[in-house]
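Asker:
2 protein chains.
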Amino acid sequence: MSHWREMSPRRILQSFALRCTPGRKSILQILLQSEQALTQDQIADRLARRRRPLNKVTIYRSLECFLRAGLVHQAYQQDRIWHYELAHRCGKTQCHPHFSCYECGRTFCLPEVSVPLATGLRAGFVLVRQKVRLEGLCPDCQQQPADVPAESPLS
Amino acid sequence: MSHWREMSPRRILQSFALRCTPGRKSILQILLQSEQALTQDQIADRLARRRRPLNKVTIYRSLECFLRAGLVHQAYQQDRIWHYELAHRCGKTQCHPHFSCYECGRTFCLPEVSVPLATGLRAGFVLVRQKVRLEGLCPDCQQQPADVPAESPLS
DNA sequence: CGTCCAAATGCAACTGAGTTGCATATAATT
DNA sequence: AATTATATGCAACTCAGTTGCATTTGGACG
Ligand SMILES: [Mn+2]
Ligand SMILES: [Mn+2]
Ligand SMILES: [Zn+2]
Ligand SMILES: [Zn+2]
């Protein structure tokens, strides 16, 4: 398999049979250079800083087009906001897990962590993708008293 | 551990040290009787059908209070809408998985499916809860041609 | 019982991520 | 260069969830 980071945005778009516009190339470049999943707003910021501003509707529509093509995933939602990332660090049937910190609210990509696929699915269900979200305390926050969800008084 | 379904809403609220109001008892009863996670809107509908209408703000604030107490979980978000369910069918460190169908969009609770906890977490991360979301085709939809995400042309 | 107050409720107005319709611009094909 | 399906920009919109504030009430205490 070819490594996306060694390919130009243009060639990647071509290989996915997507139209190659300046806006899409810029969005793709920003996703290629990011270690984390990004929101529309974060992408817009970075585009503006590179003097390549794009309308937010265009960003959403480009991401949706990338999504349909399988170039990006909607990695996770936080505070009702979608975070997008390139699909190249995800396995065929499983995205890499994400870890959210109860204390600081940050979310981390954990491409090196793998979780076995679910087993014992009821007959008739066809599993295509498994997405795992981990919650807890990140290295920066585990010292401080945290706002961890309460335990049940009945267990 | 006591079984919530055999307890009255009133006793459950008391054991969680929550104030016992008519609204909270009704919301709790609806969650107890549901096999699936419910949205604010679905809860409001069922309350109205029982002639116990509640303001949506009150429903949201009650759910948030239940959440802080550990009585309910935010099970999953679909189309930016939170789905709430009682925590009593979830393990201490892992919620039961949920399965979403690409074709019909329905989401199913899979309390019988278990996934091993993630291993190989980088040093410093403290895992408190693991949430698993499965995507694919449900028994009703696996016959029809489905809108499954595209494969990468580069792999 | 009645008194009291922190907490719960209802209502109206608000927030903001994401969507839609439509006019205009442009990538890719010929 | 001409053509056309697709991409873009802009303004207006949607709607789940939140906030401020006035009013009500659960539950503790006597
Ligand atoms: Mn990621
Ligand atoms: Mn569930
Ligand atoms: Zn943290
Ligand atoms: Zn289905």
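The listed protein sequences derive, respectively, from chains F and H. Following my numbering, the numbering of the first sequence begins with 541 at its first residue and continues without gaps. Following my numbering, the numbering of the second sequence begins with 541 at its first residue and continues without gaps. Each residue gets a CB set at the ideal place from its N, CA and C atoms; glycine is no exception.
#1: Run through the DSSP bridge pairs and tell me what Tyr616(H) is partnered with.
#2: In terms of residue numbering, what span does the beta strand (DSSP E) encompassing Phe606(H) cover?
#3: Have a look at Arg620(F), Gly631(F), Val612(F), Arg550(F) and flag the residue whose alpha-carbon is nearest the alpha-carbon of Leu650(F).
#4: So, helix, strand or coil for Arg629(H), using DSSP?
#5: Would you say Gln569(H) faces chain F, with C-beta separation under 9 Å as the test?
#6: Reducing DSSP to helix, strand and coil, say where Glu538(F) ends up.
#7: Please go through the same chain and pick out, in chain order, the residues whose beta-carbon is closer than 8 Å to the beta-carbon of Pro593(H), but skip the five residues on each side of it.
#8: Does any residue of chain F bring its CB to less than 9 Å from the CB of Leu661(H)?
#9: CA-CA distance, Leu661(F) and Pro689(H)?
#10: What did DSSP end up calling Met566(F) once you bin it into helix, strand or coil?
#11: Taking all protein chains shown into account, do 16 or more other C-beta atoms lie within 10 angstroms of the C-beta of Val720(H), making it buried, or fewer, making it exposed?
#12: Three or more C-beta pairs closer than 8 Å, one from the segment 544-554 of chain H and one from the segment 663-673 of chain F: is that the case here?
#13: State yes or no: is the beta carbon of Val655(H) nearer than 9 Å to at least one beta carbon in chain F?
#14: By DSSP, does Arg551(H) sit in helix, in strand, or in coil?
#15: List the residues of chain H whose Cβ lies closer than 7 Å to the Cβ of Gln670(F), in chain order.
#16: Taking 7 Å as the limit, name every residue whose beta carbon sits nearer than that to some heavy atom of ligand 3, in sequence order.
#17: Can you tell which of Thr659(H), Val612(H), Phe648(H), Gln576(H) has its C-alpha closest to the C-alpha of Arg564(H)?
#18: Kindly list the residues whose CB is nearer than 6 Å to the CB of Ser640(H), restricted to its own chain and excluding five residues on each side of it in sequence; keep chain order.
#19: If you measure from the beta carbon of Glu546(F) to each beta carbon in chain H, is any gap under 9 Å?
#20: What ranges does the beta strand (DSSP E) occupy inside the segment 627-686 of chain F, keeping only unbroken runs of at least 3 residues that lie completely in it?
#21: Check the Cβ-Cβ distances between Gly664(F) and every residue of chain H, and say whether any is below 9 Å.
#22: Which of helix, strand or coil does DSSP assign to Ala588(H)?
#23: Could you work out which residues of chain F lie near Gln617(H), taking near to mean beta carbons separated by less than 9 Å?
Answerer: Concretely, from the data shown:
#1: The residue you call residue 616(H) lines up with position 76 of the second sequence. His623(H).
#2: Against the second sequence, residue 606(H) aligns to sequence position 66. Run containing Phe606(H): none in the beta strand (DSSP E); it sits in the alpha helix (DSSP H), 596-609.
#3: By one-based count along the first sequence, residue 650(F) stands at place 110. Of the candidates Arg620(F), Gly631(F), Val612(F), Arg550(F), the one whose C-alpha sits nearest the C-alpha of Leu650(F) is Gly631(F).
#4: For the purposes of this step, residue 629(H) is taken as the residue at position 89 of the second sequence. Residue state, collapsed to three classes: helix.
#5: Stepping through the second sequence from its first residue, residue 569(H) is reached at position 29. Taking Cβ atoms only, chain F never reaches closer than 9 Å to Gln569(H), which makes this a no.
#6: Given that chain F is displayed from residue 541 to residue 695, the structure contains no residue 538(F) and the question cannot be resolved.
#7: Position 53 of the second sequence holds residue 593(H). Taken in chain order, the residues that qualify are Ala584, Leu587.
#8: In the second sequence, residue 661(H) corresponds to position 121, counting from 1. Cβ-Cβ to chain F under 9 Å: yes for Leu661(H).
#9: Counting from one through the first sequence, the residue named residue 661(F) turns up at place 121. Counting from one through the second sequence, the residue named residue 689(H) turns up at place 149. In a straight line, the C-alpha of Leu661(F) is about 21 Å away from that of Pro689(H).
#10: Counting from one through the first sequence, the residue named residue 566(F) turns up at place 26. Checking the sequence, you will find Ser at residue 566(F) rather than Met. Helix, per DSSP.
#11: Only positions 541 to 695 of chain H appear in the structure, and residue 720(H) is not among them; the question remains open.
#12: no
#13: The residue given as residue 655(H) occupies position 115 in the second sequence. Judged by the 9 Å Cβ criterion, Val655(H) is in contact with chain F.
#14: Indexing the second sequence from 1 puts residue 551(H) at position 11. DSSP places Arg551(H) in helix when its eight states are reduced to three.
#15: On the first sequence, residue 670(F) is found 130 positions in, with the first residue counted as 1. Under the 7 Å cutoff, chain H gives Val672, Leu674.
#16: Cys641(F), Glu643(F), Cys644(F), Arg646(F), Leu677(F), Cys678(F), Asp680(F), Cys681(F)
#17: Locating residue 564(H) in the second sequence gives position 24, where the first residue counts as 1. Comparing Cα-Cα distances from Arg564(H) to each of Thr659(H), Val612(H), Phe648(H), Gln576(H), the minimum goes to Val612(H).
#18: As a first step, residue 640(H) must be located in the second sequence, where it is residue number 100. So the qualifying residues of the chain are Thr647, Glu675.
#19: Residue mapping note: residue 546(F) aligns to position 6 of the first sequence, counting from 1. No - not a single Cβ of chain H is within 9 Å of the one on Glu546(F).
#20: 638-641, 647-649, 666-677
#21: Numbered from 1 along the first sequence, position 124 holds the residue referred to as residue 664(F). For Gly664(F), the answer is yes, since a Cβ of chain H falls inside 9 Å of its Cβ.
#22: Your numbering for residue 588(H) matches position 48 in the second sequence. Reduced to three states, the DSSP call for Ala588(H) is helix.
#23: On the second sequence, position 77 is the one that residue 617(H) refers to. Under the 9 Å cutoff, chain F gives Gln617, Arg620.
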